[in-house]
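Numbering-wise (the numbering used here), the sequence shown opens with residue 47 and increments by one. Following: one structure in structure tokens, then a few remarks.
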Amino acid sequence: MLKQNCLVRVRWLSALSVVLTVLLGLLPSGCGGGGGGGGELPTVVRGTVRDSARSDQPVGGATVTIGGVTATTNAADGSFEIRGAALGTTLAVVTAPAQAPQTLAFAEPVDFGARDDLILTLNIGQIRGRVVLGGQPVAGAQVTELTTGFSIPTSQDGRFLLESIPPGASTVFAIAATASVSRQIPVVNGVNEAGDLVLVDETDTNPPPAPPATLIGKITLSDQPSAAAAGTAVLLLRGGIQIEDTVTDAAGEYRFYVPPGGGYSVLARRNAYQDALSGPLTITDPSVPLRADLTMNPN
């Protein structure tokens, strides 16, 4: 009888072992302490590489490195996918076939989850930096690149990223309420660091010197030729888009700092008078101001 009981017990334990083995096999492989394996990585960045020198055509076969992880773009559409990039990363190093590596910036840092819309454009410049006042970042300051007229507000931490800036001399202008600052930045392909742009309030007794005017002029009124057209609004346009404005002084004069280049024009606007628009203006030598006088006719 004892022998029979032992045999039954052995068979019961054997059956229990089989059941436990089956149940353990059904558990996810990532369960257990310290477990790795399985599931999505915490960060996923998907996007496309394009080439500004080829009308923003997609670039196949380029390597893209973000946050320590590298991928190669699809030959057909220039797309890529990077998994596991370091959190907080805002830079990508892109190497297209037969080209030198270029470092590009993007505004939103890598975060948990997936991002599907990152566009990295080669062979064009970017300018990034931060706007500060009194040592503190300024949210909502307006930052404008004067060569292109591109303008964006700063983020909550005072940062900005201007994109599609052609290589060459560039001037960045930032303003918040009555405080402003401008800085000249030589732009190359890829990201260019502007650092901190320190706003200076107009009430500051020691403001930085303003850049010399490169576009000047006088506004006169056809029905009052001897009177100064003080207080006339003057708009600076490039490609038909307003990039700056000012008001004439007591002598009816206006002045702008304009980087070298073409496509500029000036529009004068005054109550009870017709708008006056200059012809196309080109700044060739910044050391010699270009003069564009305008005469306004009454309505």
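No residue lacks a Cβ here, since even glycine has one placed at the ideal position from N, Cα and C. Here the structure is a predicted model, which means the values were calculated and not measured.
Can you tell me whether residue i is buried or exposed? The criterion is at least 16 other CB atoms within 10 Å of its CB, across all chains shown.
i           : result
residue 114 : exposed
residue 173 : buried
residue 305 : buried
residue 323 : exposed
residue 226 : buried
residue 287 : exposed
residue 337 : exposed
residue 238 : buried
residue 69  : Note on residue 69: pLDDT 44, under 50, position unreliable in the model; no value is reported.
residue 275 : buried
residue 320 : exposed
residue 154 : exposed
residue 142 : buried
residue 234 : exposed
residue 146 : exposed
residue 133 : exposed
residue 100 : exposed
residue 206 : buried
Do residue j and residue i have their beta-carbon atoms positioned less than 8 Å apart in this structure?
i           : j           : result
residue 192 : residue 220 : no
residue 165 : residue 96  : yes
residue 303 : residue 265 : no
residue 170 : residue 194 : no
residue 108 : residue 94  : no
residue 202 : residue 185 : yes
residue 347 : residue 309 : Because residue 347 is not part of the residues shown, which for the chain are 47 to 345, the question remains open.
residue 150 : residue 241 : no
residue 281 : residue 315 : yes
residue 4   : residue 178 : Given that the chain is displayed from residue 47 to residue 345, the structure contains no residue 4 and the question cannot be resolved.
Which residues share a DSSP beta bridge with residue i?
i           : result
residue 314 : 280, 322
residue 197 : 190
residue 146 : Beta-bridge pairing links residue 146 to no other residue.
residue 183 : 178
residue 300 : 263
residue 238 : 173
residue 206 : 175
residue 226 : 221, 246
Check each candidate in the options and name the one with the smallest Cα separation from residue i.
i           : options            : result
residue 317 : 345, 203, 333, 297 : 345
residue 130 : 160, 89, 169       : 89
residue 258 : 331, 280, 207      : 331
residue 335 : 139, 261, 128      : 261
residue 135 : 156, 216, 122      : 156
residue 278 : 138, 267, 207      : 267
residue 293 : 271, 307, 263      : 263
residue 229 : 196, 223, 216      : 216
residue 283 : 178, 296, 311, 272 : 311
residue 144 : 105, 176, 271      : 105
residue 98  : 138, 213, 107, 184 : 213
residue 296 : 273, 122, 163      : 273
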